[in-house]
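Chains as they are written, first to last, in the working numbering: chain A, 63 to 527; chain B, 63 to 527.
Every residue gets a Cβ at the ideal spot worked out from N, C-alpha and C, and that includes glycine.
Computed from a predicted model, the values in this text were never measured in an experiment.
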């Protein structure tokens, strides 16, 4: 087991600085490990106690009778060099360094010191200045997050260079019903960096999408090499902050991020086939879409709508993003006309119009899924006076569950008030990526098609662009 | 009273084709007028009934003993020419033409016919192919919207060329707690067009922002002339659909919209100082911001945050949108340092950091509001382990209510899950524009500053750009 595997798949975890006081980080991490029913061994370490939360507490890691794969360090920055020395002697493979007070406040010396000691012993370090790590498939919660932030299980791995933002984003994924496989707070990146993490997550069968909040990359060459390899297996989405002069300055005083102009990052992202966005919301639209079990068959997109205006907006957005609204072949047009009421405008968008109901959606979608020339479908459900969003959604779900055996990308788009939002949630829960508004739905399709095109370019030419 | 005033401020309304059957549009419109307690006179017209919903029903509009300002016509398209003739004879000033079946399905002849008759008598026509009109200050609901779509009262006027989208957007405004003054479904625009409506709404003391979903403009010169004049009084926001070749095609079969390349519209919007967006969501961010009682003092923006990462993203977005993050003068820096805990990074963003609480937000914001060199403030509240969004929000609200007597623009930005969203709603209800995420908050500021710059340019040069 190497250091990175030890981070995600430890058989035993020690909490250095474990505490009995519920306000303390050393208590909260220990409590999270126990609360999640981590199946490996858990060792609290603190000379002040004999027992915490029912577990035997050790005065020093060196006193633990068994091997320790992972140590979570929750003591003040000043005391960490000594502790890392002990972890090294104990043969610990990786350490999650919670404390702040290192390079982010200018103490590069102290940070270098712990890295040097860790290197000597072959201990890998996450952080310092981190919030911890969650790896849901192993029931590992080595963070000090509150219970209310237990994420939904899923296949999106989140890497964040900002602890606070990471915490907030977990809350967001819960509300949006997005499932996570992992959440890694990467902090000052004194040792373990994004490349290490995506290298592991690229091979992780529990992860389908990797989403990174990033302020800098320290070793761009290595990151590029690994990211390109990972892209062939699963998409990487990056929100890069520090894109402008003032932004870079702000990032430097936040995580000690190194200054490099954004165009270099953009070039790197492009070459690695990484999807990058300036918007948190958009990045999560993409993550939702790319975590769905869909396959790429081509670019021919069909829109089915009950609202003409919404259809026009979707059409414009598709064209503006360089996606492809298919021209309906005559025979397919005829087939649609046969099954749909006479007032329906059969074009692309197919406008089921004001009286659209469950059946017309079901029929139109079934036909579209069955036709191999249709490669992707956006189904728009405008909450009008006539359309009852819930019934319409059931028609859509039924068609998808019956017919979509080959995983053709299908995106649901709702527009309206509270009812519409409830239905979007409901459709998402049934495994169909669902969004409010045509802009979001088209953005999701854009990410899907761009990812698969990037992958193809890497296979064909070894590089994107 | 001219025709356009009659549309918004009628003293009497007739419903042509009023019905006793609750499914029918002729019932729903009558019921909405009564349900909203419209204070003028209401006359159902239908030869089949003597009475509907407790009101005397007339066999023809010509039998009504009093003057009728506005008629809402809910009979099939074919029968409308005869009815318009009668409205003319009766001296009705404006007619809301609900039925479809005109130019949007190619029947330009029939549409021209009713327009010609109406012109002869000086009757103004809204539509045909519309959903109706709501003007909240007059308790006028001449639409067939369901009761669940009664909008919150407010100062945003919504004009929509798509009925279905209009209905859905009312639902959205309710959910988002955005208040409306008016909702006008403008449909095929055979007679009354956007220029007529913004001309009225520009002078309407109950309207602060005009938001238009638009597929085309028939008389661009007139629109430009009037829009520029209105911009001097209040902002106009446009979502223009039909921006691409395929989008124009879709719009043509939707509302019979005329084809014109989008760059012409863009040029027109720019010259009139109109804010235009490709995104429904963004347009509503703007409407919320511009409906707040804020005044423009200059471009110097300050960010206060408890999350470094969120601060970096906000900084980048401000710079990318061409807004101005102020450099803090030394004396102001010193003042911030005096009142804030020692670990706070006093720059711009001011990063209150992990332990930020109600008091640090209150103190920082109070100082920022009081200093005249700070012209606009974005306050970011990341839902971390430490920050309790509700308490922080109360500190912010208190500072604003105590200090912001001159209406300096202040924008709240929350990031997190359900709790954060609840707090965003709460802050909005207290009159401070509040958004999820820095991108949305900065977009709102962008709209505010752009609008005021546009206004200045029109005053100085008679034209924007």
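- Under DSSP, residue 407 (chain B) forms a beta bridge with B:413.
- Per DSSP, the beta-bridge partners of residue 475 (chain A) are A:442, A:497.
- When secondary structure is reduced to three states using DSSP, residue 480 (chain B) falls in the helix class.
- In the structure shown, residue 235 (chain B) falls within a helical segment according to DSSP collapsed to helix, strand and coil.
- In the DSSP assignment, residue 74 (chain B) falls within the beta strand (DSSP E) that extends over 74 to 78.
- In this structure, the straight-line span from the alpha carbon of residue 236 (chain A) to that of residue 482 (chain B) is close to 12 Å.
- Among the CB atoms of chain A, none fall inside 9 Å of the CB of residue 249 (chain B).
- For the segment 230 to 257 of chain A, residues whose beta-carbon sits nearer than 7 Å to a beta-carbon of chain B comprise 230, 233, 234, 236, 237.
- Here residue 368 (chain B) is buried, its C-beta having at least 16 other C-beta atoms within 10 Å.
- Annotated as proximal: residue 134 (chain A) and residue 204 (chain A), with beta-carbon spacing under 9 Å.
- Of all residues in the segment 322 to 353 of chain A, only 324, 340, 341, 342, 343, 344 come within less than 9 Å of chain B when Cβ atoms are compared, listed by chain position.
- Pairwise C-beta distances place the segment 360 to 375 of chain B out of contact with the segment 313 to 324 of chain B, as fewer than three of them are shorter than 8 Å.
- For residue 362 (chain A), the enclosing beta strand (DSSP E) starts and ends at 362 to 367.
- For residue 247 (chain B), DSSP records a beta bridge to B:222.
- Between residue 446 (chain B) and residue 75 (chain A), the alpha-carbon positions lie close to 25 Å from each other.
- The residues 272, 288, 289, 292, 298, in chain order, have a CB closer than 7 Å to that of residue 260 (chain A) in the same chain once the five nearest residues on each side in sequence are set aside.
- Residues of chain A with a Cβ closer than 9 Å to the Cβ of residue 206 (chain B) are, in chain order, 447.
- The beta-carbon of residue 227 (chain B) is placed less than 9 Å from the nearest beta-carbon of chain A.
- CA-to-CA, the gap between residue 509 (chain A) and residue 490 (chain A) works out to about 18 Å.
- Cβ contact annotation for residue 517 (chain A) (same chain, cutoff 8 Å, sequence separation greater than five): 293, 294, 335, in chain order.
- When secondary structure is reduced to three states using DSSP, residue 191 (chain A) falls in the coil class, being assigned neither helix nor strand.
- For a Cβ distance threshold of 8 Å, residue set 340 of chain A lies close to residue 379 (chain B), ordered along the chain.
- DSSP places residue 302 (chain A) within a strand segment (E or B) once states are collapsed to three.
- Under the Cβ distance rule, residue 174 (chain A) does not count among the residues neighbouring chain B, no pair being separated by less than 9 Å.
- Straight across, the Cα-Cα distance linking residue 92 (chain B) with residue 112 (chain B) is about 15 Å.
- By DSSP's assignment, residue 339 (chain A) forms a beta bridge with A:301.
- The beta carbon of residue 392 (chain A) sits no closer than 9 Å to any beta carbon of chain B.
- Residues of the same chain with a CB within less than 7 Å of the CB of residue 192 (chain B), apart from the 5 flanking positions on each side, are 158, 159, 160, 225, 247, 248, 249 in chain order.
- Between residue 115 (chain B) and the set B:263, B:275, B:77, B:240, the nearest pair of CA atoms involves B:77.
- Look at residue 113 (chain A) here: in three-state DSSP terms it is strand.
- Setting aside the 5 residues that flank it on each side, residue 469 (chain A) is surrounded in the same chain by 355, 356, 357, each with a C-beta closer than 6 Å to its C-beta; the list follows chain order.
- Of all residues in the segment 131 to 164 of chain B, none is placed with a Cβ closer than 7 Å to any Cβ belonging to chain A.
- Taking 7 Å as the cut-off between beta carbons, the residues of the segment 265 to 292 of chain A near chain B are 275, 277, in sequence order.
- Classified as exposed, residue 283 (chain B) has fewer than 16 neighbouring CB atoms from the shown chains inside 10 Å of its CB.
- Interface criterion not met: the Cβ of residue 298 (chain A) is under 9 Å from no Cβ in chain B.
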